[in-house]
Structure formats: structure tokens, C-alpha cells
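Heads up, the sequence shown is in this note's numbering, so the first residue is 147 and it goes up one at a time.
Written out below as C-alpha cells is the structure these notes cover.
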Amino acid sequence: KQVVLVEKSATLGGRTALLYRYFPKLCHPTCGLEINLRRLQSNRNLRVITLAEVTKIEGGRGDYTVTLRVKPRYVNERCTACGDCAAAVSAEVPNPWNYGMDRMKAAYLPHAMAYPQRYVLDGSILGTPEADKAKAACRYGAIDLEMKEELITLKAGAVVWATGWQPYDAAKIQPYGYGRHANVMTSVEFERLADPRGPTGGRILRPSDGKEARNIAFIQCAGSRDENHLRHCSRICCMASLKQTQFVREAYGDAARSTIYYIDIRAIDRFEDFYKKVQADTTVNFVKSKPARIDADRATGDVILHGVDTEGYHRYAARYDLAVLAIGMEPSVRGADIPAEVIEDSSGFLQPGAADSGIFGAGCATNALDVNRAVQSSTAAALRAIQVVNRVARAES
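Listed below in C-alpha cells is the structure:
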């Protein structure tokens with residue numbers, strides 16, 4: 147089938163490309179992404195449009211008209227990803243792929259696994275000498291400062307809405323002090339911190355003073371399973387924290403100390419073995435408790451967790467170098483103005499539409515899922531879309 151893949155950012159791969167390692171095998175996402183990117187490159191039936199958003203969907207099942215707004219990249223198809231433009235400019239912008247924990251050049255390749263492998267020029271330097279430097283440095287004529295925003299209209303028999311997820315805003319969990327205490331961070335930020343391509347080159351350091359963070363608290367259900375925040379279980383959080391304790395062990399060996407504060411550990415199916423392996427790790431401790439609040443020691447920068455251990459029923463005020471919030475997963479479409487008729491549940495996830503609809507949700511747009519289950523969901527959505535297209539083809543013949 148002819149497929150148009152529309153991506154809002156400058157590269158495919160979503161948040162999977164930002165993982166340091168998958169659980170439970172602890173292999174790098176390159177393992178799966180490389181195969182899929184090769185399939186994209188070799189498939190003539192597939193067209194990829196990046197930096198694009200769907201602004202309108204009109205029509206009905208089998209006959210949709212879709213309007214896209216495509217932002218300028220200011221770099222054309224001649225780009226070889228040599229990096230000369232980045233070397234030529236000095237202007238920097240916050241790095242969204244490291245969740246703003248560092249800065250990157252205003253001429254950039256999003257990350258090593260980016261597809262397409264083509265640089266982007268940040269619009270903030272347009273009309274400045276920095277843009278001229280980037281253009282002058284390019285030997286291939288790939289920098290196009292005259293690019294404009296475009297509107298593109300497509301015809302489609304079916305639409306698969308696969309917009310993924312976003313981390314819950316940790317600042318809303320006020321007792322935990324995210325944004326007020328420098329050494330409280332989210333699990334997605336910690337993932338980038340541990341990555342050799344992350345903001346610290348893979349060194350697990352405290353944001354406040356650059357000190358090695360050897361004693362770390364991991365807090366489960368930060369924003370999940372909570373009527374005041376996200377009602378649902380985000381499914382990935384327990385396994386993410388179990389995995390991240392192993393990053394700490396790899397960094398500091400037997401000197402590492404990781405403590406997981408949990409309501410209950412949800413490690414199902416094949417993940418149970420990985421859970422048992424972490425339980426046996428002498429550097430990892432488990433406390434059945436949801437901390438009530440986090441304070442910060444201004445003199446040392448340490449974070450202090452306050453709460454009650456629900457197994458021993460004693461109060462604690464435990465001190466750590468760093469606190470990591472296993473932040474909840476919410477759909478990226480939550481609260482968004484989707485230009486089509488879709489049904490959402492109470493958490494904002496897309497639900498199956500009317501029987502005569504040709505618009506289908508997939509992956510984390512429909513539920514909180516890990517990578518494996520997101521692939522299963524997306525395969526199912528693709529098969530539904532194929533059925534719609536086949537019926538249209540038969541009707542026309």
C-alpha cells in the first residue's frame with residue numbers, strides 16, 4: 147500500500163530513540179531502530195514528511211482529504227550530514243532531545259540515529275550572521291535560507307493516529323519539589339544522563355554541583371495511579387526504574403546505592419526474571435512506600451525523602467544524592483485539537499471510533515504501552531487501515 151508517514155519533529159523514532167537501553171536485555175535501541183530505518187529507506191511505497199503537523203482532515207472512510215503544515219528545515223536533500231554547518235556556527239539553543247539539560251548548536255543533527263540523516267537549522271538564527279556562516283560552510287549547497295512554511299494536501303483511504311506519549315509534568319506533583327530542588331529529576335531525564343551521548347557523556351552527576359550521584363532514590367508512580375494526576379498505571383515505570391538501578395551499578399560498582407520506593411512492582415510476563423535479578427543485587431534496596439514529600443538540604447544539595455514504610459510502619463527521613471521520579475505516561479494528544487472526530491477516554495487515550503470510521507489510534511496514543519506492546523498495537527492498526535483501503539479498491543473495481 148502507498149503510505150505517507152507524517153512526523154511532527156525533525157526525525158523519526160520518537161522517545162524510543164532517546165532511550166539509553168531497552169529492558170530487559172539492556173541493549174541499545176539501535177538494535178531495533180536500525181532495521182526499521184533500513185526498511186524505510188528501501189520501501190518505494192513509503193513517503194516520509196518531517197516537521198509536519200496535520201491541520202485538517204475532511205471526508206470519510208476510504209476518502210479523506212488531509213491538510214499538512216510543514217515547517218522549514220532550511221536544509222535541503224543535498225545534505226550529507228558532514229557537520230560543517232554546525233562547526234561554523236557558535237549560536238546555541240536548548241537541546242530538546244536531552245530534555246533541555248544541555249544546549250546544542252543552532253545547526254544540528256537531532257541525534258546519532260536521526261532519520262532522515264539531515265541537519266536542521268534553527269529558525270532563531272535566520273537573518274543573523276550565524277545563518278550566513280552556516281550557508282558559507284556548506285560545500286554542497288544544502289543550506290536554503292529561503293525555505294518557507296508549506297501547506298500540503300493529501301488523499302488517504304485511512305488514517306493511523308500514532309502520536310505517542312509525553313512525560314507527565316512533574317512540577318504538578320508539588321510535594322516532590324521538581325523544578326525547585328535541583329537534584330530531583332524525572333526518569334526520562336535520568337535515562338539521558340546515563341547515556342554516553344547525553345548531557346554529561348554518560349556520567350551520573352548531580353545537576354546542582356556536578357558531584358557523582360552514587361546514592362539515588364527512585365520513586366515509583368510519580369503522577370500515575372493518582373486521582374489528582376493520572377488515574378492509570380503507566381506500565382513502563384517499574385521496569386524503567388529497575389533498569390536504571392543497573393546503570394548506577396555499572397557506573398559505581400559495589401559503591402552504588404539505589405533505593406526503589408514503590409506501591410507495588412508490576413513486572414509481568416518475561417520481566418519477572420529481570421525483577422528477580424535486580425532484587426538479588428546487593429546495591430539495590432526496596433522500600434514499600436510512596437514518599438509524602440521531598441526536601442532539599444541547602445548546604446549540601448542532598449535531597450531528603452519523608453514518609454512511612456508501610457511494611458514496618460515507621461517514619462523515615464532518608465538522605466540521597468539524587469531523587470529520580472518514575473514519571474507517568476500521558477498521550478501526546480491529550481488536550482490537543484485533533485482535526486478529526488475521535489473518542490478519548492478519561493485519561494486522554496484514543497478509543498475505537500464508529501464502525502464506519504477509517505481513523506485508527508495506534509501505540510501510546512491509545513494506551514500506556516512499552517515498546518513491544520506499542521509495536522503490536524501499531525501492527526493491528528495498520529491491518530485495520532489495509533482492510534479499509536482494500537474495500538475501497540474492490541468497490542471501485
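All C-beta atoms in this analysis are idealised placements derived from N, C-alpha and C, irrespective of residue type, glycine included.
Let's test the definition: count the other Cβ atoms within 10 Å of the Cβ of R264 and tell me whether it reaches 16, buried, or not, exposed. Locating residue 264 in the sequence shown gives position 118, where the first residue counts as 1. With a threshold of 16 other beta carbon atoms within 10 Å, R264 meets it and is buried.
Touch check for the region 462-475 and the region 323-332: three-plus C-beta pairs under 8 Å? yes
Between the CA atoms of R540 and P256 - distance to the nearest angstrom: Working through the sequence shown from its first residue, we reach residue 256 at position 110. Working through the sequence shown from its first residue, we reach residue 540 at position 394. Each residue's Cα considered, the two are about 43 Å apart.
V517 (DSSP reduced to helix, strand or coil): Taking the sequence shown and counting its residues from 1, one reaches residue 517 at position 371. Of the three classes helix, strand and coil, the one that applies to V517 here is helix, per DSSP.
Backbone secondary structure at Q425 - three-state DSSP: Working through the sequence shown from its first residue, we reach residue 425 at position 279. It is helical.
Counting only the same chain and skipping the five closest in sequence on each side, list residues whose C-beta sits under 7 Å from that of A253. The residue given as residue 253 occupies position 107 in the sequence shown. Correct list, in chain order: C231, A232, V235, Y265, L267 and A280.
Identity of the residue in A401, A528 and Q320 nearest A368 by Cα: As a first step, residue 368 must be located in the sequence shown, where it is residue number 222. Comparing Cα positions, the closest option is Q320.
Among T226, T346, D441 and L496, which residue has its Cα nearest to the Cα of A514? Here the question's residue 514 lines up with position 368 in the sequence shown. With distances taken between Cα atoms, A514 lies closest to L496.
With 16 other Cβ atoms within 10 Å as the buried cut-off, status of L451: By one-based count along the sequence shown, residue 451 stands at place 305. When all chains shown are included, L451 counts as buried.
Straight-line gap, G303 to S270 (C-alpha atoms, nearest Å): In the sequence shown, counting from the first residue as 1, residue 303 sits at position 157. In the sequence shown, counting from the first residue as 1, residue 270 sits at position 124. When rounded, the distance between both Cα atoms is 38 Å.
What is the rounded straight-line gap between the Cα of T196 and the Cα of E153? Looking up residue 196 in the sequence shown gives position 50. Looking up residue 153 in the sequence shown gives position 7. About 5 Å.
Member of C384, R360 and T391 whose CA lies at the smallest distance from the CA of S370: Locating residue 370 in the sequence shown gives position 224, counting from the first residue. Selected option, being the one with the closest Cα: C384.
Please list, in chain order, all residues of the same chain as A463 whose beta carbon is under 7 Å from its beta carbon, the five residues on each side excluded. Along the sequence shown, one-based indexing puts residue 463 at 317. Around A463: I450 and H452.
Comparing alpha-carbon positions, which option in A501, R465, N244 and V517 lies nearest L339? Locating residue 339 in the sequence shown gives position 193, counting from the first residue. Closest option to L339, Cα to Cα, is N244.
Beta-carbon spacing of P437, I365 below 9 Å: Here residue 437 refers to the residue found at position 291 of the sequence shown. Here residue 365 refers to the residue found at position 219 of the sequence shown. Closer than 9 Å, so yes.
Could you give the first and the last residue of the continuous beta strand (DSSP E) run that contains E476? Your numbering for residue 476 matches position 330 in the sequence shown. Run containing E476: M475 to P477, per the beta strand (DSSP E) assignment.
Spell out a yes or no on whether the region 498-514 and the region 523-542 are touching, meaning 3 or more CB-CB pairs, one atom from each, closer than 8 Å. In short, these stretches touch, since the Cβ pair count reaches three.
Taking 7 Å as the limit between beta carbons, can you name the residues of its chain near I203, skipping five residues before and five after? Residue 203 sits at position 57 when you count from the first residue of the sequence shown. These residues qualify, in order along the chain: Y210, V212, V305, P485 and A486.
Reduced DSSP category for R161 - H, G, I as helix; E, B as strand; rest coil: Stepping through the sequence shown from its first residue, residue 161 is reached at position 15. Looking at R161 - three-state DSSP - the assignment turns out to be helix.
Whole beta strand (DSSP E) elements within the region 349-430, 3-residue minimum: 361-368 and 403-408
Determine the contact status of C225 and A288, defining contact as a CB-CB distance below 9 Å. For the purposes of this step, residue 225 is taken as residue 79 along the sequence shown, with counting starting at 1. For the purposes of this step, residue 288 is taken as residue 142 along the sequence shown, with counting starting at 1. Going by C-beta atoms, C225 is nearer than 9 Å to A288.
Below 8 Å on the Cβ atoms is my contact criterion, and I expect P170 with F432 to pass it. Report the Cβ-Cβ distance as a whole number of Å. Position 24 of the sequence shown, counted from the first residue, corresponds to residue 170. Position 286 of the sequence shown, counted from the first residue, corresponds to residue 432. Taking the Cβ atoms as the reference, P170 lies roughly 17 Å from F432, outside the contact range of under 8 Å.
Please classify H460: is it buried, with 16 or more other beta-carbons within 10 angstroms of its beta-carbon, or exposed? Residue 460 sits at position 314 when you count from the first residue of the sequence shown. H460 is exposed by the Cβ-count criterion.
Check for me: the beta strand (DSSP E) holding F169 runs from which residue to which? In the sequence shown, counting from the first residue as 1, residue 169 sits at position 23. Per DSSP, F169 belongs to no beta strand (DSSP E) and is neither H nor E.
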